[in-house]
Structure formats: C-alpha cells, structure tokens
Amino acid sequence: MYNKLVLSMNRYSKYFTMTLLICMVLLVFLQIIMREILQYSFSLTEEVARYMLVWVSFLASGFAYQYGAHISIEVFVKKLNPVGKQIIKILVATLAIAFAIILIVTGMELVLDNSMNKSPALHLPMGIVYLAIPIGALLQIINIIDLLIYEKTMSQTEVSE
Amino acid sequence: MSILLFIILLILFIINVPITVALGLSTVIIVLLTGSIELSTLPHRMFTTLDSFPLLAAPFFILAGKIMEHGGISDKIIEFASSLVGHLRGGLAHVSIVACMFFAALSGSAVATTAAVGALMIPSMVKVGYKREFAAAVQAAGGTTGVIIPPSVPMVMFAVSAGVSVSDLFIAGIIPGIFIGLSLMLWVYIYSLKHNIKSNEKFNLKRTINSGFSSLLALLMPLIILGGIYTGIFTPTEASVIAVVYGFVIGKFVYKKITLDIMKKILLDTVVVVSTLSVIIASASFFGFYITIERLPHEIATLISEMNLHPFIVMMVIILFLLVVGMFIDEISAIIILTPILLPIVTAVGIDPVHFGLLMIINLAIGLLTPPVGLSLFVASKVGNILPEEMIRPVIPFIIIMILDVVLLYLLPQLSVGVVKLFS
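For the record, the sequence lines run as chains U and Z.
Take 1082 as the starting number for the first sequence in our numbering and just add one per residue.
Take 33 as the starting number for the second sequence in our numbering and just add one per residue.
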C-alpha cells in the first residue's frame, strides 16, 4: 500500500522534474536567440531557469534515494557483517530523516516569512519559490522510510554520472 | 569547536551517511551548540547558493555529455582518431586516448568520456591482442581528460565555489588537457616498445580527410562552444545549452540514434545526478558559511604565511592531501567541500586562484583512477568486463605520470594562467 503510494508519487516527481529540465534548456536557448537575432534581452528567462534548477534539485532528491544515487563513502561499511550493516543502515536512515525534518521546519519558516516578498523579475511570491526545500525534504523522508520497510538494496547503480 | 565539527563530519562520512546529510547535520549540531549563527539561515543559504546562473552550466553540460554518449558521435570520433594516430606503435591504445580527448572537448565528465569511448575501444583492443586489463586501464586514464579538457563540470563547480570566472578556467584548461593526453600516450608508446606491439596500419592522408569530413559535425562542436565562450559571444551557461541543443539535433536527426526511450533515460539520469550534486552544494554552503564566520581558513592561512614556507612545499603538501582525499571522495564533492578551505591558504602563499583550480581538478581527477573509490576505474571495468582489482597494476604507471604532470603544470603556470592573460 505504502509502497504503491511512493511509486506513484515518485513517478509524478520524475516526470515533473524531467519536464522542468527541458523547460530550462528551452528558456536559456530562447534567451540566446532573442538576444543574438532579435537584439532583445529580458531578465525573466534567467530568473525562471535558476528557480527551476532549485526545484529540480530538491524534488528529485527524494526518488534519487531509490537509485542509491546520493553520494556517500561506502568503502568502510562494506567490510561489516550483516548485523553491523543493518544497524548502520537504520542509523544512517535516522540521521538523514533528522536532517530532513530540520529542513522542513526551518524551510517552512522561510516560506511563511516570505509569502509577501516578490521575486525581482517575475514578481513571483518568494514563499512559493522557497517551498521547494520543505517539499523536497518531505519526499526524502518518504523515500527513506520506503527503502527501510521494503528492504531494497541501497547500492543499485542504475544511474551514473 | 571547528575541530569538533571536522570530527563529527569524519565520523558521519565513515558510517556511509550521504555527503549532503553529513555536511548539513554536522554543521547544524555545532551551530546549535555554539549559537554562533541562526539555524534559520540554513534553508536560505541553501537556496541562494543554487540560485546562480553560472551554476546552471553544470546540469546542462551533464545533460549534453549524456546526449553525446548516446548520440552516435563516438563512432565518428573514433574513426577520425584512428586515421590520425592508428599507425603509431601501440596504435589502438593511442586511438583510445585521442578519441577520449576529442570527446572531452564535447563533454564535461570523465565518466561519460570513459563510457562512450571505452564501450567501443576496449573490445577492439582486446580483439587485436591487447591484454584486457591494459585496454581498460588505458580507457580509464584517457577518460580523466574529460574533466580537464574544457568544457568541464568540475571546473564549473570550482569556479562557482571560488568566485572566479568559468571562462577563465576553461581557457586555462586547454593546453594542460592536451599536455596530459600526450603524456599518457607517451607511456602507451613505452609499453608498446616493451611488449613489442606494432601497428599494421599506414598513415593515409585521404582517409584522414574523409573521416574528418564525416565527423565534421562532431568536430565543429567544440569550436562553436569554446569559440563562443572565448570570444564572449555567449556565457558558459549559454554555451552549455547550445551543446545540449546541438548534440540533440545531430544525435536525433543526423545520426538518428536518439529515440524517445533513450531520451527519457538521459533526462532521468541527468535529473538524478544533478539533484544529488545540488543538494551537496546546498549543504556545503552552510558548512562553508560556518567555517568562514569562524575564520578558520584565514587562521590556517595566517599560520602558514607566518611559518614562511616556500609555496612549492605548501603546494606539494596540498597535492599529497588531495591524492588521499581523491581516494575516498568523488571529485565534485571534494571540490565543493575543500575549495573554501584551501583557496585562502594558497592565495596567501601567492598562487593564482585559477591556476590552483586547474591543479586541484587534475589532482582530484587522479582520484578517479585510485582504489577504493575510483569512478573512472569502475566505469572502465564495467564496460571492459573485468574486475577493477585486475586493473590496478596496469593503471599505476598512468597515475604516476599524472602526478608528475600536476607538479610540472604547477611549475609552468605559463601553460595555464599564462594563456588566460593572453586572452584578456
């Protein structure tokens, strides 16, 4: 049940972040075309592309756990016995969740404090832009718990640089 | 308190906590203990670091590298490289390295370079009688030029953390990149003499011209991208987008290798890699903010300048330190974490930041070849179908050569920052 929920949530965030990446490319490409050919430049594209990078980064950080993609130093725990590995796995998950909770709490403060501030070019409420951080942290927690419950291996390397 | 911060960080690293969590959590603990900065600045720091236009070049170059890897460009480049150096003693091994260097001028990643060229070259080297472990080692070593010859993702990362210009680093990297490629070929030549490996190909100008033409689209690209940056027509970030669009157009419409499924895989891989790097940058900025407020790098820098050490000695200690770091931490994470600490130290003894950035990138690129965490070594072993342990012996000469390269490039700043001064 929980597993299915996580799967569909991850599917949405995958497609959303992939679409954002395409939009980032198109926006900056548009900026070059506008400047070089039409001799017209606007500051909007840069701002939007930058904010999109922040959103991609945090939203994808949740399902990145499913690919074992978050960079860590694995050599030292590799030598442990299965019991030791299990203890380390739970400890690491707890620490990662603790940090994500700190991000949610401080991130929500930042969101609420800036609900009135507007971004320079697009006049977006900055609170909405900052929302990427607490949402991303929440997605991280959901995926870490999913991996703990369903005992998937954390070291699948389907994704490479 | 800074000592405690490093101890906690080290413990978290050793027990396999993701680097982003380790950096963030250790700093949060110290900040809670000392109260020197407000915890509420954490998300804002993270945001402002990622909210940077120069940084955007990194995801775009990663995306471009993946598109090139799958776009059928490597076949053409290998054919061209083969017509250039295939007739030399140890021909195919030279072809591997030269093809890597050409690919490096398209891509900003060592892993993409090793994978794209190695998948084709390791089997063909084995077929004509090279030892499999040597073939894979050549590929891993050649692949490191991926981050040294511009464009380069680690260079973008260093430039953003050090506050220097990405273009300057890209200019500084050209000659050292070629220099390192040639030095690797020197070992290939010596190895071929020792093992009496000959080549039965003859140099044929007509073939070179023909393959040059058929790979023209791929060869033009570095000219467009780097030429555009150097002449100031576009910024490195814009150039990275041009690389994406150009690579996509020729991979999709000319070489017809990119299908919808491949494109989906490329996008997903990119999003995941970009995210994992971004969250490290974000946490590292909070960590860096704390140690800068505590003036730790400055104190070390003052200490070193009081000791009146010769810059050469300082640099040799740093090179050794980075070699050890590179054995355990991947290149980009190491750059993000260490740049704010090391930069004040080297500038205190009079080393140019751009020059240092280049040396640091080459130095950490050696870490791509050293066990236990050598990314290029792993990729070459995977595409070469061999155990990484078996590659260690044949890769050692390449590692030694690259260490000598770093020292030489330190002593000869004319080859790197000298070129930057010519341009400005």
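Heads up, the beta-carbon is just placed ideally off N, CA and C, and yes, glycines get one too.
Is the beta carbon of residue i less than 8 Å from the beta carbon of residue j?
i                       : j                       : result
residue 222 of chain Z  : residue 174 of chain Z  : no
residue 109 of chain Z  : residue 131 of chain Z  : yes
residue 383 of chain Z  : residue 348 of chain Z  : no
residue 99 of chain Z   : residue 137 of chain Z  : no
residue 204 of chain Z  : residue 448 of chain Z  : yes
residue 169 of chain Z  : residue 410 of chain Z  : no
residue 151 of chain Z  : residue 415 of chain Z  : yes
residue 250 of chain Z  : residue 260 of chain Z  : no
residue 1202 of chain U : residue 1124 of chain U : yes
residue 254 of chain Z  : residue 393 of chain Z  : no
residue 1131 of chain U : residue 85 of chain Z   : yes
residue 368 of chain Z  : residue 316 of chain Z  : yes
residue 153 of chain Z  : residue 179 of chain Z  : no
residue 375 of chain Z  : residue 385 of chain Z  : yes
residue 224 of chain Z  : residue 122 of chain Z  : yes
residue 133 of chain Z  : residue 61 of chain Z   : no
residue 266 of chain Z  : residue 274 of chain Z  : yes
residue 69 of chain Z   : residue 322 of chain Z  : yes
residue 363 of chain Z  : residue 247 of chain Z  : no
residue 1156 of chain U : residue 404 of chain Z  : yes
According to DSSP, is residue i part of a helix, a strand, or is it coil?
i                       : result
residue 440 of chain Z  : helix
residue 284 of chain Z  : helix
residue 1082 of chain U : coil
residue 403 of chain Z  : coil
residue 234 of chain Z  : coil
residue 1206 of chain U : strand
residue 1236 of chain U : Low confidence applies here, because residue 1236 of chain U scores a pLDDT of 44, under 50, leaving its location unreliable and the question unanswered by this model.
residue 453 of chain Z  : helix
residue 296 of chain Z  : helix
residue 1199 of chain U : strand
residue 1164 of chain U : helix
residue 244 of chain Z  : helix
residue 1241 of chain U : Because residue 1241 of chain U sits at a pLDDT of 42, beneath the cut-off of 50, its placement in the model cannot be relied upon, and the point is left open.
residue 1118 of chain U : coil
residue 1095 of chain U : helix
residue 1149 of chain U : coil
residue 139 of chain Z  : coil
residue 1100 of chain U : helix
residue 228 of chain Z  : coil
residue 184 of chain Z  : coil
residue 395 of chain Z  : helix
residue 289 of chain Z  : coil
residue 448 of chain Z  : coil
residue 50 of chain Z   : coil
residue 251 of chain Z  : helix
residue 390 of chain Z  : helix
residue 435 of chain Z  : helix
residue 418 of chain Z  : coil
residue 58 of chain Z   : helix
Can you tell me where the alpha helix (DSSP H) holding residue i begins and where it ends?
i                       : result
residue 265 of chain Z  : First-last for residue 265 of chain Z: undefined, no H or E at that position.
residue 157 of chain Z  : 142-159
residue 196 of chain Z  : Run containing residue 196 of chain Z: none; DSSP gives neither H nor E here.
residue 1231 of chain U : 1213-1231
residue 1139 of chain U : 1125-1144
residue 163 of chain Z  : No alpha helix (DSSP H) contains residue 163 of chain Z, which DSSP labels as neither H nor E.
residue 42 of chain Z   : 34-46
residue 1159 of chain U : 1156-1159
residue 32 of chain Z   : Absent from the model: residue 32 of chain Z. The displayed extent of chain Z is 33 to 456, so no value can be given.
Minimum length 4: unbroken alpha helix (DSSP H) runs contained in the stretch 64-130 of chain Z: Within the stretch 64-130 of chain Z, the complete alpha helix (DSSP H) runs of at least 4 residues are 73-82, 89-102 and 105-117.
What runs of the alpha helix (DSSP H), each 4 residues or longer, lie entirely inside the stretch 323-388 of chain Z? Annotation note: the stretch 323-388 of chain Z contains the following uninterrupted alpha helix (DSSP H) runs of length 4 or greater, listed N- to C-terminal: 328-338, 343-360 and 363-380.
If you pair each beta-carbon of the stretch 1176-1183 of chain U with each one of the stretch 37-57 of chain Z, do three or more pairs fall below 8 Å? In short, these stretches touch, since the Cβ pair count reaches three.
Three or more beta-carbon pairs under 8 Å between the stretch 67-83 of chain Z and the stretch 115-128 of chain Z, yes or no? No, the stretch 67-83 of chain Z is not in contact with the stretch 115-128 of chain Z.
Counting pairs of Cβ atoms below 8 Å between the stretch 1131-1139 of chain U and the stretch 1213-1225 of chain U, do you hit three or more? The stretch 1131-1139 of chain U vs the stretch 1213-1225 of chain U: in contact.
Can we say the stretch 397-408 of chain Z touches the stretch 142-151 of chain Z, given the rule of at least three CB pairs closer than 8 Å? With the rule of 3 Cβ pairs closer than 8 Å, the stretch 397-408 of chain Z counts as touching the stretch 142-151 of chain Z.
Three or more C-beta pairs closer than 8 Å, one from the stretch 1093-1101 of chain U and one from the stretch 296-305 of chain Z: is that the case here? Judged by pairs of C-beta atoms under 8 Å, the stretch 1093-1101 of chain U touches the stretch 296-305 of chain Z, as three or more such pairs exist.
Given 8 Å as the limit, is there contact between the stretch 323-343 of chain Z and the stretch 1157-1170 of chain U, that is, 3 or more CB pairs closer than that? The answer is no - the stretch 1157-1170 of chain U does not touch the stretch 323-343 of chain Z, with fewer than three Cβ pairs under 8 Å.
Touch check for the stretch 158-167 of chain Z and the stretch 190-206 of chain Z: three-plus C-beta pairs under 8 Å? With the rule of 3 Cβ pairs closer than 8 Å, the stretch 158-167 of chain Z does not count as touching the stretch 190-206 of chain Z.
Is the stretch 1144-1151 of chain U touching the stretch 1180-1197 of chain U in the sense that three or more CB pairs, one from each, lie closer than 8 Å? At 8 Å Cβ cutoff, the stretches do not touch.
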